[in-house]
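Visitor: Dropping a structure here in structure tokens format, bear with me for questions.
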Amino acid sequence: MTFASLESGVMNRCSKGREISAYVPGLMIEGVNVLSISTSLLDLLVRPLANPGVGPLQTTGSKEREVLHVTPLFTTRCNNHCSDFRRALYTQRSLLITSLSLSLSRAQMANSGMAKIAVVGSGISGAVCASILASKGISVTIFESGRGPGGRMSNRRERMEDGTELCFDHGVPYFTTSHDEVVKMVKSWESRGLVAEWDVKFGAFDKRTNKLVEFEKDNTTKYVGVPTMNSICKALCQGDGVEAKFGVTVGKLNWIQDRTSWSLIGLDGKELGQFDGVVASDKNLVSPRFSEVHGIPPPLDVSPYRGFSVLSQGIPVQACFALMLAFSEPLSSVQAKGISFQNSDILRYAFCDSSKPSRSFIPPNGQSWVLHSTSEYAASVIEKSGLKKPSNEILSKVADELFQEFKATGLNIPKPLFMKAHRWGSAFPALAISPEEKCLWDNDTKLAICGDFCVSPNVEGAILSGIAAASKF
């Protein structure tokens, strides 16, 4: 929705005529249901603008911006297309509305029609969406099945036999930015000490020749969370107006038509609450994979939603195994801290995790590394073992095979102090389902679906999707 001025409060409304919106300096109040506003507040917000003759009619420079008709008792889309009602209307009364709107407290906004939103999933897409919604004064509850935030941007803490604690970014190793709105957001995180540039040498290793064939030549800035990759999501989930509940798996999302609200039920059958809207940032909520893992239908039935049919068969994904390694000494023979492998059926990437800024929990005088398998290798393992949680026996076999492939490079890789594998069953979406809109949205039930699977299979794609989903409320 476009607002006419940054200096004045101007009223606007949706095409159904059920909502009003006001832009005020430093605060956006939108999606407020007129029927839920007290009569006195409605009088203050709507009726002072009922008479277009109050105050001078002005335009902003050479650009005329549309402000729709306001009637005394209700806000409806005006069918009058004359030029007088398509010009920006500024009055002394509208400035009064600005000051009144600024005095609205979060508690008052929480009592309005669209105040409580459930966000399912605390990966970067869900966390960004939740943070933006909370900044609008909306009460947000995040439900995350994992032990902590981050999704594929999470980190893993482990202990060696001697008790030394280790920490690995075993998911996303780093991310880059190119879109202006993401660049701006990441810069704000950087100013808060949540991210930093990872300025190290990257290269490509050819398995056929066993040589490091080239070093990365572009100057793309690579960012990492500090002190761990999940620090970004953790901070966003702890923001004002956001309540995060970890270790809670949503088993069912029910739309209650007569209450125009959502009811969320946990996998254990417990009631999780009722909400005015839902953001589903976990694709497993609509995936057949949920049934294969938990033995019940996916929590969200998308069959009634026009335009959501792409989700009904599940989003194709590529799996990946990660291998966490700790060494007693630096790998001095490895000239790059980030390596992509060519002509290997097993190994795709290797990253020196301990070379990232502000890292701790590494072996004294040593290094920690994370290896990523090829999607083909991961698929071959899953084909034999299934989608259930892999056994320790399977993970040990995967760990040995990945390490042997790393060692076979001839880079003089010593025996590690610590070695453990992890499976990412849905590491990368194989397609983007909404690259233009960047999320799926149903206005009638206030349901948004977002994630990297909507835009592109990377962190920036997930952020863009989270921003798009938040803009719908």
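With my numbering as the guide, the letters of the sequence shown map in order to residues 16 to 488. Even for Gly, the Cβ is constructed at its ideal location relative to N, Cα and C.
On the criterion of 16 or more Cβ atoms from any shown chain inside 10 Å, does ASP230 qualify as buried, or is it exposed?
Guide: Residue identity check: residue 230 is Phe in the sequence provided, not Asp. Looking at its Cβ environment, which holds fewer than 16 other Cβ atoms inside 10 Å, PHE230 is exposed.
Visitor: Does DSSP put GLU34 in a helix, in a strand, or in coil?
Guide: Model confidence at GLU34 stands at a pLDDT of 36, short of 50, so the residue's coordinates are unreliable; what they give is reported in the following sentence. Residue state, collapsed to three classes: strand.
Visitor: So does the segment 348-363 actually touch the segment 396-415, counting three or more Cβ pairs closer than 8 Å?
Guide: With a cut-off of 8 Å, the segment 396-415 and the segment 348-363 do not count as touching, because too few Cβ pairs lie within range.
Visitor: Closer than 6 Å: is that where the CB of CYS182 sits relative to any heavy atom of the ligand FAD?
Guide: The ligand FAD is not part of the structure shown, which contains no ligands of any sort.
Visitor: Report the CB separation of LEU446 from ALA341 in whole angstroms; it is logged as a contact under 8 Å.
Guide: Not a contact, Cβ separation roughly 36 Å.
Visitor: With distances taken between CB atoms, is the gap from PHE7 to ASP297 smaller than 7 Å?
Guide: This structure leaves residue 7 out entirely; the chain is present only between 16 and 488.
Visitor: Return the chain-ordered list of same chain residues with a C-beta closer than 7 Å to the C-beta of PRO164, the five sequence neighbours on each side being excluded.
Guide: Within the same chain, PRO164 has close Cβ partners SER137, ALA142, ASN245, CYS248, LYS249, CYS252 and ALA259.
Visitor: Kindly indicate which three-state DSSP category ARG171 falls into: helix, strand or coil?
Guide: Reduced to three states, the DSSP call for ARG171 is strand.
Visitor: Helix, strand or coil for PHE468, going by three-state DSSP, please let me know.
Guide: Of the three classes helix, strand and coil, the one that applies to PHE468 here is helix, per DSSP.
Visitor: For the structure I just gave you, are there three or more beta carbon pairs, one from the segment 156-170 and one from the segment 445-459, closer than 8 Å?
Guide: No: fewer than three Cβ pairs fall under 8 Å.
Visitor: What is the DSSP secondary structure of MET339, counted as helix, strand or coil?
Guide: Correct three-state label for MET339: strand.
Visitor: With three or more beta-carbon pairs closer than 8 Å as the criterion, would you say the segment 378-387 touches the segment 456-468?
Guide: No, the segment 378-387 is not in contact with the segment 456-468.
Visitor: Below 7 Å CB to CB, which residues in the same chain sit around LEU479 once its five sequence neighbours on both sides are set aside?
Guide: Result list for LEU479: HIS194, VAL197, LYS453 and VAL470, in chain order.
Visitor: Taking LEU362 and LEU417 to be in contact with their CB atoms under 8 Å, please state how far apart those CB atoms are, rounded to whole angstroms.
Guide: 6 Å between Cβ atoms; contact.
Visitor: If I measure Cβ to Cβ from ARG489 and keep anything under 6 Å in the same chain, skipping five residues before and after, which residues do I get?
Guide: The question about residue 489 has no answer, for the chain in this structure spans 16 to 488.
Visitor: What residues match up with CYS454 in a beta bridge as DSSP calls it?
Guide: DSSP output for CYS454 lists no bridge partner at all.
Visitor: Is the segment 427-434 touching the segment 274-293 in the sense that three or more CB pairs, one from each, lie closer than 8 Å?
Guide: Because the criterion of three Cβ pairs below 8 Å is not met, the segment 274-293 and the segment 427-434 do not touch.
Visitor: Do you know whose CA, among THR243, ARG304 and LYS199, lies nearest PRO331's CA?
Guide: Ranking the options by Cα distance to PRO331, first place goes to ARG304.
Visitor: Can you pull the DSSP bridge partners for GLN382?
Guide: DSSP, once it has assigned bridges, lists PHE342 as partnering GLN382.
Visitor: Going by the beta-carbon positions, is the gap between GLU159 and PHE261 smaller than 7 Å?
Guide: Yes; because the gap between Cβ atoms is below 7 Å, this pair is in contact.
Visitor: Do LYS237 and TRP213 count as a contact pair if the criterion is CB distance below 7 Å?
Guide: Yes. Within cutoff.
Visitor: Among THR224, THR191 and PHE217, whose alpha-carbon lies nearest the alpha-carbon of VAL239?
Guide: If we check each option's Cα against that of VAL239, THR191 comes out closest.
Visitor: With distances taken from CA atoms, which of VAL241, PHE488 and SER278 is nearest SER206?
Guide: Checking every option, the nearest Cα to that of SER206 belongs to VAL241.
Visitor: Drop a sphere of 10 angstroms on the beta-carbon of SER375, count the other beta-carbons inside from all chains shown, and report buried for 16 or more, exposed for fewer.
Guide: Per the 10 Å Cβ criterion, exposed.
Visitor: Kindly list the residues whose CB is nearer than 6 Å to the CB of GLY329, restricted to its own chain and excluding five residues on each side of it in sequence; keep chain order.
Guide: Only SER302 and PRO303 meet the Cβ criterion.
Visitor: Taking the continuous alpha helix (DSSP H) assigned at TYR320, which residues delimit it?
Guide: Neither: TYR320 is in no alpha helix (DSSP H) and is coded neither H nor E.
Visitor: Using the DSSP secondary-structure output, state which residues sit across from PRO405 in a beta bridge.
Guide: Answer by DSSP bridge pairing: none, since PRO405 is not bridged.
Visitor: What are the uninterrupted segments assigned as alpha helix (DSSP H) that are 4 or more residues long and contained completely in the segment 145-213, given in chain order?
Guide: List check, alpha helix (DSSP H) in window: 195-206.
Visitor: Return the chain-ordered list of same chain residues with a C-beta closer than 6 Å to the C-beta of ASN299, the five sequence neighbours on each side being excluded.
Guide: So the list reads PHE305, once near-sequence residues are dropped.
Visitor: According to DSSP, what are the bridge partners of SER278?
Guide: Partner(s): ASN269 and GLN289.
Visitor: Within the continuous alpha helix (DSSP H) that includes ALA393, where are the two ends?
Guide: First-last of the alpha helix (DSSP H) with ALA393: 390-400.
Visitor: Give the range of the alpha helix (DSSP H) segment to which PRO303 is assigned.
Guide: First-last of the alpha helix (DSSP H) with PRO303: 303-309.
Visitor: Distance check for SER359 and ASP457, CA to CA, integer angstroms please.
Guide: Their backbone Cα atoms lie some 44 Å apart in a straight line.
Visitor: Residues in its own chain within less than 7 Å of ASN473 by CB, not counting five upstream and five downstream?
Guide: Excluding positions up to five away in sequence, the list reads PHE190 and ASP467.
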